[in-house]
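>
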Amino acid sequence: MARRIIKAAPDYLALNVLEFGRHFTNLLTSKEFKLSIEHEKHTRILGYSCRSLFEVCLQYFDNRDLVVATTPIQHTSFRNILEKYVKPENLHIIRLNTNFNEIQKIPDLKKCDIVVITHYFGQDIDLTPFVEFKKKHNCFIIEDRVQGATMDLLASHEIVDIPIYSMGMDKRPIALGGGFMYIDNQHEDLIKGTMKLIAELPIEKTGKRFKDMLKKLPTYLFYNSRIFLAIFIELLRVVTFFNKKFSLLEFAKAYRAKNPGFDRTTYMSKPSKGLLKSMYQHIDDYKDMEELFARKYSYFIECLDPETIAYFIPWYKGESSLAVYNTLQIEEHLVDQFLEFLTEYDISCITNPTYKVFNHEYEGKEIDVKFNNGIVYIPSTPNMKKREIRFLADRLKEFYDLIHQETG
3 MARRIIKAAP DYLALNVLEF GRHFTNLLTS KEFKLSIEHE KHTRILGYSC
53 RSLFEVCLQY FDNRDLVVAT TPIQHTSFRN ILEKYVKPEN LHIIRLNTNF
103 NEIQKIPDLK KCDIVVITHY FGQDIDLTPF VEFKKKHNCF IIEDRVQGAT
153 MDLLASHEIV DIPIYSMGMD KRPIALGGGF MYIDNQHEDL IKGTMKLIAE
203 LPIEKTGKRF KDMLKKLPTY LFYNSRIFLA IFIELLRVVT FFNKKFSLLE
253 FAKAYRAKNP GFDRTTYMSK PSKGLLKSMY QHIDDYKDME ELFARKYSYF
303 IECLDPETIA YFIPWYKGES SLAVYNTLQI EEHLVDQFLE FLTEYDISCI
353 TNPTYKVFNH EYEGKEIDVK FNNGIVYIPS TPNMKKREIR FLADRLKEFY
403 DLIHQETG
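Sequential numbering of the sequence shown, starting at 3, is according to this note's numbering.
#1: Considering only their Cβ atoms, is the gap separating K207 from S300 smaller than 9 Å?
#2: Report back the beta-carbon spacing between D128 and I143 to the nearest angstrom; my notes put them in contact at under 8 Å.
#3: Which of the three DSSP states, helix, strand or coil, is assigned to F123?
#4: Determine which residues share a DSSP beta bridge with H41 and list them.
#5: Using only alpha-carbon positions, find the residue among H77, N361, G276 that is nearest to K89.
#6: Measuring CA to CA, which of R6, L17, I7 is closest to L223?
#7: Specify the secondary structure class of E85 as computed by DSSP and reduced to three states.
#8: Are Y87 and D64 closer than 9 Å when you measure CB to CB?
#9: In angstroms with no decimal places, state the Cα-to-Cα distance between P381 and F302.
#10: Are there 16 or more other CB atoms within 10 angstroms of the CB of L231, so buried, or fewer, so exposed?
#11: Per the DSSP calculation, F182 is bridged to which residue(s)?
#12: Starting from the C-beta of N375, find all residues in its chain whose C-beta is less than 6 Å away, skip the five residues before and the five after it, and write them out in chain order.
#13: For the segment 165 to 174 against the segment 186 to 194, do three or more pairs of beta-carbon atoms, one drawn from each stretch, fall closer than 8 Å, so that the two count as touching?
#14: Give the single residue among H94, Y288, Q188 whose Cα lies nearest to the Cα of E42.
#15: Figure out for me which residue from T345, H121, V117, G320 has the closest Cα to the Cα of L68.
#16: Taking 8 Å as the cut-off, is the beta-carbon of F80 closer than that to any non-hydrogen atom of the ligand COA?
#17: Could you check where the beta strand (DSSP E) with Q76 kicks off and where it finishes?
#18: Considering only their Cβ atoms, is the gap separating G180 from A325 smaller than 9 Å?
#19: DSSP has E145 in a bridge; who is on the other side?
#20: Got a sec, what are the start and stop residues for the alpha helix (DSSP H) N375 sits in?
#21: Count the other CB atoms, across all protein chains shown, that sit within 10 Å of the CB of E293; report buried if there are 16 or more and exposed otherwise.
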């Protein structure tokens with residue numbers, strides 16, 4: 003078989019060079035921007051990141067006996083925030099089905115203050131099972147919809163009180179930082195309370211944002227420049243020939259672990275004028291991104307047979323993923339073999355860098371751990387040519403046949 007380089011990384015920034023540069027020039031602004039945008043039925047509140055907005059919500063509701071029902075797998079920062087504000091015995095896990103795309107069992111609780119839902123893999127989980135639960139407990143429902151379905155809907159379901167979105171460098175929409183949440187105007191105290199908490203946060207310094215964006219430049223080149231990535235892969239092949247420790251797989255692991263430009267320590271900040279300007283410019287720029295993501299992912303699905311889809315993408319229900327990540331699920335004991343298999347074809351891939359399970363013990367945790375450990379990111383389809391997508395799909399089918407021959 004002729005060797006083919008897939009000139010796409012397991013991530014993608016849906017903005018061109020001019021837009022990337024514009025975020026730098028926005029740092030020069032002296033214009034003041036409001037931290038909220040008022041609409042007829044809701045208020046959109048802007049923050050430094052989706053993580054900071056989520057923590058602000060937990061601070062608002064904070065009490066020593068806060069009871070929370072939550073989906074089992076959370077973004078690392080969301081998991082850490084929940085464990086910071088909620089006692090382990092008060093964190094109750096929502097049971098999902100084996101495909102992680104439907105609610106199977108809601109915790110039987112005498113009291114519940116907050117429900118936290120994280121949507122996975124570019125689609126929404128149906129929250130209809132929580133309609134009666136919300137009526138019974140009069141609880142607030144917060145959803146992390148960063149990797150949810152279309153943003154034509156403000157929330158995945160009418161029972162949601164606070165949907166949260168990110169405007170980070172590989173999200174939709176993109177401002178190279180920032181996030182926002184919607185709150186119904188009926189919740190006046192909640193709007194005022196969260197706004198007050200955000201206003202009291204230390205403001206992001208322009209110099210810090212400039213340095214953070216400079217750190218994103220290599221990421222932009224790796225994720226977006228097909229020529230740059232192709233040259234890098236060729237050079238890395240030469241290095242790998244002499245030292246196996248410098249393989250494409252090992253580089254991808256190390257680079258994603260460091261994630262340059264990602265703020266791990268000072269995210270509890272108020273956005274700077276430059277960041278707010280970028281957010282105001284792009285806060286509704288998601289339609290073209292969703293169209294691109296859906297079109298490329300649909301073609302990827304068309305290139306796979308039903309058996310391969312069911313094996314690698316068990317959550318697929320016929321709707322195209324609207325997340326930039328091209329996520330697969332592998333049996334836990336086959337993950338390393340699968341990554342090495344793709345690396346032999348110079349296909350960039352990494353193990354799950356996004357999600358974590360909770361640290362405390364709970365019924366069914368071993369199922370969630372096993373699922374989480376089997377998540378793998380492969381090249382992002384929005385930055386791929388059709389021939390590359392076909393080549394990638396053929397490799398998945400090849401691996402599927404390989405392991406079933408071994409077990410058959």
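Every residue gets a Cβ at the ideal spot worked out from N, C-alpha and C, and that includes glycine.
Well, looking at it:
#1: no
#2: Not quite, the Cβ-Cβ distance comes to about 13 Å (not below 8 Å), so this is no contact.
#3: Three-state DSSP puts F123 in coil, outside helix and strand.
#4: In DSSP, H41 forms no bridge with anything.
#5: N361
#6: Of the candidates R6, L17, I7, the one whose C-alpha sits nearest the C-alpha of L223 is L17.
#7: helix
#8: yes
#9: 11 Å
#10: buried
#11: L48, Y167
#12: E334
#13: no
#14: Q188
#15: V117
#16: As for the ligand COA, it is missing from this structure, which has no ligand bound.
#17: It spans 75 to 77 - the beta strand (DSSP E) in which Q76 sits, taken as one unbroken run.
#18: no
#19: I119, P165
#20: 367 to 375
#21: E293 counts as exposed, since fewer than 16 other C-beta atoms from the protein chains shown sit within 10 angstroms of its C-beta.
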